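Below: one structure, written as structure tokens.
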Amino acid sequence: MEKRVTLDNFKEIWESLLIRASDEFEIPPEVIRIEGTTISTLGNFSASTGKGKSRKSFNVSAIVASALTGRKVLNYEASFPEGKDRILYFDTEQSPDHCRTILRRINKLCGYPEKKDDDRIRFAFLRQETTLDRRDIIECALITEPNIGLVIIDGLRDLLFDINSSTEAAEVIGLLMRWSSQFNVHIHTVLHLNKGDDNLRGHIGTELNHKAETILQIKVSEEDENISEVSASMVRDRKFPPFAFSIDDEGVPVLEEDYEFDPKPKRESFNYKKMSEEKHRDALDKAFEGAAKVGYGELIDRLKVGYEAQGFGRSYAILSKLKTFLVENGMIIKENKKYLYNREFHYVQDGSDQNGIVR
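This is the structure in structure tokens:
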């Protein structure tokens, strides 16, 4: 469906691409906001991201409900221009039954009867379609369905064969840019984060991070697994205050009004190589309290207790490096796979990043 550039059509295409100082353009309508921050405009695309079971689809349901009603849902406030009041929702992962559940959830959030069919939203499940057919179906729907303002693609990864292909990633992000611009819609996609960190998956995640207008991150609260937190991973406008939601008995997301975000304080830098002899001695006195010789595992546990008392609370991997440092500097001695405290050690810290000197 894409037009290819040839010498025969180049002049026409070239003229359509040129920007002149005398040109006048309308500012893209701002269609979705959070606490006064614009997160979505027509002609752009955004994303909800998060790890598995972080309730990304619940978050998207709230966005859709706000777009349908014009009311605030969770913290989303949507307002689409006249003639842009319809929604296309594509789900690439779920079964028809699950898709129907999402649609009924949206109805509940809107305050509609659960089984109400609203012509303003067209919900299509694409799980059984091929990768290329999914792309074509989305484009054909954009061409044929009138008055579309918002497009949801729940499962961006399923528009690619290989999530680690940089070429394919650029191609799919190119489709999002072209579709949003050509059809003057806002496209909101859903993409998983890596299991081991908070990075977007694959090359498609890298491209999305570079080109999206807004990226929302949804994560399960560390304090309460029944609550999900929503924050701005990336936003072109100013960042909005994070908010949180839970799921009520009706299976719909509800705002946690009094939820307190309490980020973990940054751990103060504390270098054991720069500790004074007195602090090392106090830490080791506590660590070896009531013990003469200990094995490796018990030694690490005891070092953790002793050095935490001096403000050096660290992981077992760092404590293992501390143990090596202490042995190399004669503060503890290894004998036949056992470790004992050398109470006669003398440690002089030389003021640099190098190891101290034992005399």
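Under my numbering, the first residue of the sequence shown is numbered 819, with each subsequent residue one higher.
Every residue, glycine too, gets a C-beta built ideally from N, C-alpha and C.
Since this is a predicted model, take the numbers as computed values, not measurements.
Selected residue, minimal CA-CA separation from asparagine 893, among Ala1109, Ala883, Ser864
For asparagine 893, the nearest C-alpha among the options comes from Ala883.
Using 8 Å as the cut-off, can you tell me whether the stretch 1094-1101 makes contact with the stretch 1063-1072, which would need three or more C-beta pairs spanning the two stretches below that distance?
In this structure the stretch 1094-1101 does not lie against the stretch 1063-1072, because fewer than three pairs of beta carbons, one per stretch, are closer than 8 Å.
Measure the CB-CB distance between phenylalanine 908 and valine 849 and report whether it falls below 8 Å.
No Cβ-Cβ contact shorter than 8 Å links phenylalanine 908 with valine 849.
Pairing CB atoms from the stretch 831-842 with CB atoms from the stretch 872-887, are three or more of them under 8 Å?
Contact check between the stretch 831-842 and the stretch 872-887: fewer than three CB pairs, one atom from each, fall below 8 Å, which does not count as touching.
Below 8 Å on the Cβ atoms is my contact criterion, and I expect serine 1051 with leucine 1034 to pass it. Report the Cβ-Cβ distance as a whole number of Å.
The distance from the Cβ of serine 1051 to that of leucine 1034 is about 7 Å, consistent with a contact at the 8 Å cut-off.
For a quick check, are the C-beta atoms of histidine 1004 and phenylalanine 843 less than 8 Å apart?
No, the pair does not count as a contact, with Cβ atoms beyond the cut-off.
Can you tell me whether threonine 810 is helix, strand or coil according to DSSP?
Beyond the ends of the chain as shown, which are 819 and 1177, falls residue 810; an answer cannot be given.
How long is the line joining the alpha carbons of glutamate 932 and proline 1071, rounded to whole angstroms?
Whole-angstrom Cα-Cα distance: 15 Å.
Every unbroken beta strand (DSSP E) within the stretch 1101-1158, with a cutoff of 3 residues, ordered by chain:
Look at the stretch 1101-1158 and you find these whole runs of beta strand (DSSP E), each 3 residues long or longer: 1150-1153.
Quick one: what does DSSP say glycine 901 is sitting in, helix, strand or coil?
Coil, per DSSP.
Look up lysine 1091 in the DSSP assignment and say whether it is helix, strand or coil.
Lysine 1091: helix per DSSP, three-state reduction.
Inspect the beta-carbon positions of isoleucine 1022 and alanine 987 and report whether they are closer than 8 Å.
Yes; because the gap between Cβ atoms is below 8 Å, this pair is in contact.
Spatial neighbours of glutamate 1095 in its chain, beta-carbon cut-off 6 Å, leaving aside the 5 residues before and after:
Correct list, in chain order: Tyr1165.
Same chain, Cβ closer than 7 Å to lysine 1092, five either side skipped, listed in chain order
The answer, listed in chain order, is Gln1167.
Note down the Cα distance separating glutamine 1172 from glycine 1124, rounded to an integer number of angstroms.
The predicted position of glutamine 1172 is uncertain, since its pLDDT is 43 and thus under 50; a value taken from the coordinates is nonetheless stated next. Distance between the alpha carbons of glutamine 1172 and glycine 1124: 23 Å.
Whole angstroms are fine: how far does the CA of serine 834 sit from the CA of threonine 1024?
CA-CA distance, threonine 1024 to serine 834, rounds to 30 Å.
For the ligand MG, I want to know if threonine 1142 counts as a neighbour, meaning its beta carbon is within less than 7 Å of at least one of the ligand's heavy atoms.
Among the components modelled here there is no ligand, and therefore nothing to report on the ligand MG.
Considering leucine 950, what are the terminal residues of the alpha helix (DSSP H) in which it resides?
That run of the alpha helix (DSSP H) goes 949-962.
In three-state DSSP terms, what is isoleucine 845?
If DSSP states are grouped into helix, strand and coil, isoleucine 845 belongs with coil.
Which value, in whole angstroms, describes the spacing of the CA atoms of threonine 949 and glycine 973?
Between threonine 949 and glycine 973, the alpha-carbon positions lie close to 11 Å from each other.
If we count the other Cβ atoms within 10 Å of its Cβ and call it buried at 16 or more, is glycine 868 buried or exposed?
Residue environment: glycine 868 is assigned as buried (16 or more neighbouring CB atoms within 10 Å of its CB, all protein chains considered).
Which whole-angstrom value is the C-beta distance of arginine 953 and leucine 968, which I expect to be below 8 Å?
Contact doesn't hold; Cβ gap of about 19 Å is too wide.
Go ahead and label leucine 927 buried or exposed: buried means 16 or more other beta carbons lie within 10 angstroms of its beta carbon, across all protein chains shown.
When all chains shown are included, leucine 927 counts as buried.
Evaluate the contact criterion for the stretch 935-947 versus the stretch 984-1003: three or more CB pairs, one atom per stretch, below 8 Å.
Result no; under three Cβ-Cβ pairs closer than 8 Å.
What are the start and end residues of the beta strand (DSSP E) that includes threonine 1007?
First-last of the beta strand (DSSP E) with threonine 1007: 1004-1010.
Can you check DSSP and say which residues form a bridge with leucine 1073?
DSSP, once it has assigned bridges, lists Phe1063 as partnering leucine 1073.
Alpha carbons only, please: which of Lys1029, Asn965, Ser1049, Thr824 is nearest the one belonging to glutamate 853?
Measuring from the Cα of glutamate 853, the nearest candidate turns out to be Ser1049.
Just curious, the alpha helix (DSSP H) that aspartate 937 is in, first and last residue?
Per DSSP, aspartate 937 belongs to no alpha helix (DSSP H) and is neither H nor E.
Going by C-alpha to C-alpha distance, which of Leu1018, Ile991, Ser1046, Ile920 sits closest to phenylalanine 1063?
Nearest neighbour of phenylalanine 1063 by Cα position, chosen from Leu1018, Ile991, Ser1046, Ile920, turns out to be Ser1046.
With DSSP as the reference, identify every bridge partner of isoleucine 852, one or two as the case may be.
DSSP, once it has assigned bridges, lists Thr855, Tyr894 as partnering isoleucine 852.
Alpha carbon to alpha carbon, how far is tyrosine 1157 from proline 1059? Give it in angstroms, no decimals.
Going from the Cα of proline 1059 to the Cα of tyrosine 1157 covers about 51 Å.
Look at the Cβ atom of glutamate 963, then the Cβ atom of arginine 904, and state whether they are nearer than 8 Å.
At a Cβ-Cβ threshold of 8 Å, glutamate 963 and arginine 904 count as neighbours.
May I have the straight-line CA-CA distance separating asparagine 1147 from glutamate 1162, to the nearest angstrom?
A straight line joining the alpha-carbon of asparagine 1147 with that of glutamate 1162 spans about 12 Å.
Using C-beta distances below 6 Å, list every residue in its chain close to serine 998, excluding the 5 sequence neighbours before and after it, in chain order.
The answer, listed in chain order, is Gly861, Asn862, Phe863, Ile1005.
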